[in-house]
Amino acid sequence: VMQCSASLDVLFLLDGSYSIGKGSFERSKHFAGKLCDALDIHPDRVRVGMIQFSSTPHLEFPLDSYLTKQEVKERIKSTVFRGGSTETGRALKYILHKGFPGGRNSSVPEVLIIISDGKSQGSTAMPAMQVKERHITVFAVGIKFPRWEELQVLASEPPERHLLFAGDADDAANGLYSTLSDSVCTATPPGCKVVSHPCERRTLETVKELAGSYVCWKGSKQPNAVQASLCPFIRWKRVLIKHPSRCFRAVCPDPCDSQPCQNGGTCVPEGLDRYHCLCLLGYGGDAHCAAKLSLECSVDLLFLMDSSAGVTLEGFLRFKAFLKRFLQAVVGQDSPMSVGVAQYDDEVKIPIELGQHKDTFSLMRSIDALNFSGGRTLTGRALQYIAQHGFRSTPVFADVQDDLPRVVVLLTDSKSQDSVAEAAKYVKDQNLFLVGVGSSFMRAELTTVTGNPQQTIVYSDPQDLFNRIPELQRKICSVGNPEGCQAQSLDLAFAVDASSGVGLENFLRLRRFVRSSCSHFVINRDVTQIALVIYGSKAHTVFALDTHTSSSAVLQAIGQVPFLGDSASAGSALLHVYSEVMAVQKGARPGVSKVVVLLTSGAGMQDAAAPAQQLRHDGVLLFVVVIGDAERDTLLRVAGSPNYLVHISSYEDLQHYQGLIIERICEEARSPVNLCKPNPCMNQGVCILGPGSYRCQCHGWEGPHCETRVLRGDSPRSPALPPRSHVQWSPRALQHLSRALQHSKRQ
1 VMQCSASLDV LFLLDGSYSI GKGSFERSKH FAGKLCDALD IHPDRVRVGM IQFSSTPHLE
61 FPLDSYLTKQ EVKERIKSTV FRGGSTETGR ALKYILHKGF PGGRNSSVPE VLIIISDGKS
121 QGSTAMPAMQ VKERHITVFA VGIKFPRWEE LQVLASEPPE RHLLFAGDAD DAANGLYSTL
181 SDSVCTATPP GCKVVSHPCE RRTLETVKEL AGSYVCWKGS KQPNAVQASL CPFIRWKRVL
241 IKHPSRCFRA VCPDPCDSQP CQNGGTCVPE GLDRYHCLCL LGYGGDAHCA AKLSLECSVD
301 LLFLMDSSAG VTLEGFLRFK AFLKRFLQAV VGQDSPMSVG VAQYDDEVKI PIELGQHKDT
361 FSLMRSIDAL NFSGGRTLTG RALQYIAQHG FRSTPVFADV QDDLPRVVVL LTDSKSQDSV
421 AEAAKYVKDQ NLFLVGVGSS FMRAELTTVT GNPQQTIVYS DPQDLFNRIP ELQRKICSVG
481 NPEGCQAQSL DLAFAVDASS GVGLENFLRL RRFVRSSCSH FVINRDVTQI ALVIYGSKAH
541 TVFALDTHTS SSAVLQAIGQ VPFLGDSASA GSALLHVYSE VMAVQKGARP GVSKVVVLLT
601 SGAGMQDAAA PAQQLRHDGV LLFVVVIGDA ERDTLLRVAG SPNYLVHISS YEDLQHYQGL
661 IIERICEEAR SPVNLCKPNP CMNQGVCILG PGSYRCQCHG WEGPHCETRV LRGDSPRSPA
721 LPPRSHVQWS PRALQHLSRA LQHSKRQ
């Protein structure tokens with residue numbers, strides 16, 4: 001943003017004395033490089049040179065040596081610390097005598113930037129005054145713990161605009177630019193302004209203090225006599241001294257100040273007036289993170305909104321806002337809709353009948369017109385009424401297909417004052433599909449209404465309701481679809497944190513989650529294979545991919561998984577999955593999508609990035625599900641992308657993310673598969689892809705997957721296979737081949 005493009009000669013005067021030391025000299029060089037970022041270095045605009053001084057001044061490079069910013073910064077970086085006494089006055093006299101080496105002889109403004117601790121061993125007042133009398137603008141930049149009084153003598157007037165501290169390089173660069181922009185540089189960018197604010201200049205001073213007294217012996221006028229006395233005990237200590245001052249800095253408007261990114265998106269500024277949004281999973285429908293959704297299914301959709309006194313006016317208005325945002329997100333501007341809205345308390349009204357509106361604008365206007373009524377909460381009666389009258393055929397529905405699934409979305413935040421169980425059963429008998437939405441204390445009643453926890457959506461706070469839009473879309477479109485990945489082949493492994501950081505109670509929750517998730521898949525040799533790994537400091541395979549061939553066997557085995565209780569190493573767990581689970585020799589099937597779900601507390605993730613990358617390189621997808629607080633940067637390195645990271649606040653909430661996680665697993669299971677990843681060839685065989693098939697090129701081994709060693713001499717060998725097999729395998733044959741391999745392995 002800050003770029004001084006005027007014709008300007010800039011000379012750095014760097015203190016290279018022993019009082020600075022090598023460490024602070026390196027910081028001085030870093031700061032000088034930072035200042036170069038604010039200068040448009042070019043032969044016709046800003047030229048830069050450097051002098052290092054200690055006992056004597058030394059010209060590092062004149063102003064006409066380097067013509068680009070990169071060249072100047074590289075030369076500054078290579079400057080070597082010289083050491084010596086701090087002769088600032090002698091350095092200023094050198095400039096008075098020689099001028100700016102390589103400069104343009106005062107035909108352009110000259111700026112001298114002195115970077116020093118201000119602890120000169122000679123007088124600086126006279127040469128500093130003479131430099132400023134030549135109309136050279138002097139900036140004095142403190143380094144380490146500077147002596148500000150001397151730096152103030154060196155700096156141009158007013159000193160508060162020409163004194164800077166190199167310890168905060170970005171702030172000091174801003175201060176330099178802010179001062180230059182008022183004189184030699186072009187004006188500040190549009191929207192930016194130079195403002196002043198109180199600030200402090202700090203330094204360390206060595207002071208003398210009385211620490212106490214001690215008994216000492218003093219002589220006496222009398223011969224051969226001494227007398228005891230109390231003598232003061234003085235010690236020296238360093239104290240932090242603060243000098244109040246004012247700082248002038250350029251302040252520019254941040255394009256992210258207006259918080260343009262919706263739905264939890266992160267705004268990243270790009271210059272003064274541009275930005276982009278980093279959107280959460282399920283959002284990104286536009287540049288501001290609108291829900292990236294569409295209904296993607298054809299249904300008759302009726303919303304039943306609680307308008308009773310129990311939900312309050314505030315809750316009713318929240319449901320209206322949620323309904324509008326949901327419909328704006330999932331319904332296209334021009335797509336035909338079959339949406340209706342009903343509201344209830346003692347009575348039930350259907351102000352927006354099914355299919356009444358054919359465009360989003362008129363639908364939104366009708367939703368805005370809904371009024372709060374505030375009677376009793378008779379949810380059971382409302383459900384029964386909707387089952388009878390909500391989807392009835394009338395002339396207005398003449399163009400609505402009769403065979404579409406019918407979905408009722410109940411929005412309530414108040415316990416019903418009548419029975420809901422019988423009414424819910426009646427609704428289902430009419431072939432209506434129910435989805436319940438409410439706050440967390442409504443969970444039990446919503447489950448009774450829907451008959452299935454998977455068809456309820458609960459939110460923890462009002463803002464969380466709006467985060468549930470993608471989840472509601474998925475549940476609406478799951479009508480009539482079997483759960484899990486249907487007939488899609490999948491090798492799925494769970495790696496579960498069983499360390500002491502999780503604790504026994506939470507480990508049991510993780511175990512229940514895995515058990516419940518596995519019940520959503522068709523488990524057999526041809527569809528889904530599931531493996532389970534638990535880990536603490538070491539990883540253990542509870543069962544491999546080819547161990548169990550039925551859901552009942554998998555569920556029984558999960559119920560017997562022990563808690564380990566030691567420290568956590570997610571890296572060793574993922575390395576174990578890579579080598580001992582997701583390998584053809586261990587039961588993985590060639591040509592089948594492979595997914596690993598890591599369930600972790602976030603502990604022990606430091607060593608997990610490398611094995612996670614190995615899994616991805618082998619075509620294995622990794623989902624990282626983290627419960628509790630954890631370092632997000634570390635998690636992202638392991639997950640590889642925010643799309644594969646699910647961060648859950650508590651173990652109690654884990655079950656509510658099951659639908660999302662299974663849906664994401666199944667999305668990836670439908671992706672194309674590289675038949676050579678992971679490598680199906682054993683014993684260092686090379687997998688070679690063909691059109692819809694692969695072959696193994698073996699060395700010293702034979703067989704379709706290089707599984708048999710080539711025998712020497714006259715010993716018999718299998719007549720069916722040549723020494724170097726180039727048999728091609730199509731995905732259809734892989735399932736049977738894998739089973740044969742596993743049988744052979746057991747033999």
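For the sequence shown, the residue numbers in UniProt numbering are 1 to 747. Backbone N, C-alpha and C define an ideal beta-carbon position, used for all residues, glycine too. Predicted model, so just to flag it, every value in this text is computed and none were measured.
In this structure, 497 is the residue among 497, 122 and 527 with its C-alpha nearest to the C-alpha of residue 564.
According to the DSSP assignment, residue 18 belongs to no alpha helix (DSSP H), since it is labelled neither H nor E. The count of Cβ pairs closer than 8 Å, one atom from the stretch 461 to 475 and one from the stretch 566 to 573, stays below three, leaving the stretches out of contact.
In this structure, 52 is the residue among 22, 163 and 52 with its C-alpha nearest to the C-alpha of residue 75. Around the beta carbon of residue 638, 16 or more other beta carbons lie within 10 angstroms, which makes this residue buried. Sequence-distant partners of residue 218 (beyond 5 residues in either direction) whose C-beta falls short of 7 Å from its own C-beta, in its chain, are 226, 227 and 229. Between residue 499 and residue 597, the C-beta spacing is not below 9 Å. DSSP, reduced to helix, strand and coil, places residue 99 outside both helices and strands of the structure shown, so it counts as coil. Per the C-alpha coordinates, the member of 299, 373, 345 and 215 positioned closest to residue 355 is 299. Of the residues 169, 201, 156 and 166, the one whose Cα lies closest to the Cα of residue 180 is 156. Here the alpha carbons of residue 143 and residue 20 stand approximately 8 Å from one another.
Collapsing the DSSP output to three states places residue 541 in a strand. A residue is called buried once 16 or more other Cβ atoms fall within 10 Å of its Cβ, and residue 326 is buried on that count. Per the DSSP secondary-structure output, residue 208 pairs in a beta bridge with 236. In the structure shown, the three-state DSSP call for residue 349 is strand. If you draw a 10 Å sphere on the C-beta of residue 576, you find 16 or more other C-beta atoms in it, and that means buried. Here residue 197 is exposed, its C-beta having fewer than 16 other C-beta atoms within 10 Å. Taking a cut-off of 8 Å on C-beta distances, the stretch 605 to 614 touches the stretch 634 to 651, as three or more cross pairs fall below it. Linking residue 454 to residue 683 through their CA atoms gives a straight-line distance of about 45 Å.
Sequence-distant Cβ neighbours of residue 125 in its own chain, meaning closer than 8 Å and more than five residues away, are 153. Residue 408 is not a Cβ neighbour of residue 491, given a cutoff of 9 Å.
Taking a cut-off of 8 Å on C-beta distances, the stretch 611 to 621 does not touch the stretch 704 to 713, as fewer than three cross pairs fall below it. Annotation for residue 245: 160, 199 and 201 place their beta carbon closer than 6 Å to its own, counting only its chain and skipping 5 residues before and after. Cβ contact annotation for residue 554 (same chain, cutoff 6 Å, sequence separation greater than five): 518, 523, 530 and 548, in chain order.
At the C-beta level, residue 616 and residue 558 stay beyond 9 Å of one another. Remark: C-beta atoms of residue 131 and residue 164 do not approach each other more closely than 9 Å. Between the alpha carbons of residue 15 and residue 89 lies a gap of roughly 12 Å. As DSSP reads the structure, residue 217 sits in a beta bridge with 228.
A distance below 9 Å separates the beta carbons of residue 113 and residue 35. At a cut-off of 3 residues, the continuous stretches assigned as beta strand (DSSP E) that sit fully inside the stretch 639 to 682 are 645 to 648. Straight-line spacing of the CA atoms in residue 417 and residue 441 works out to 15 Å. Around the Cβ of residue 471, a 10 Å sphere holds 16 or more other Cβ atoms; the residue is buried. DSSP places residue 614 in the helix class (H, G or I) of the three-state scheme. In the displayed model, residue 305 falls within a strand according to three-state DSSP. Looking only at 79, 459, 43 and 68, the smallest Cα-Cα distance to residue 26 is reached by 79. For residue 133, the uninterrupted alpha helix (DSSP H) segment begins and ends at 125 to 133.
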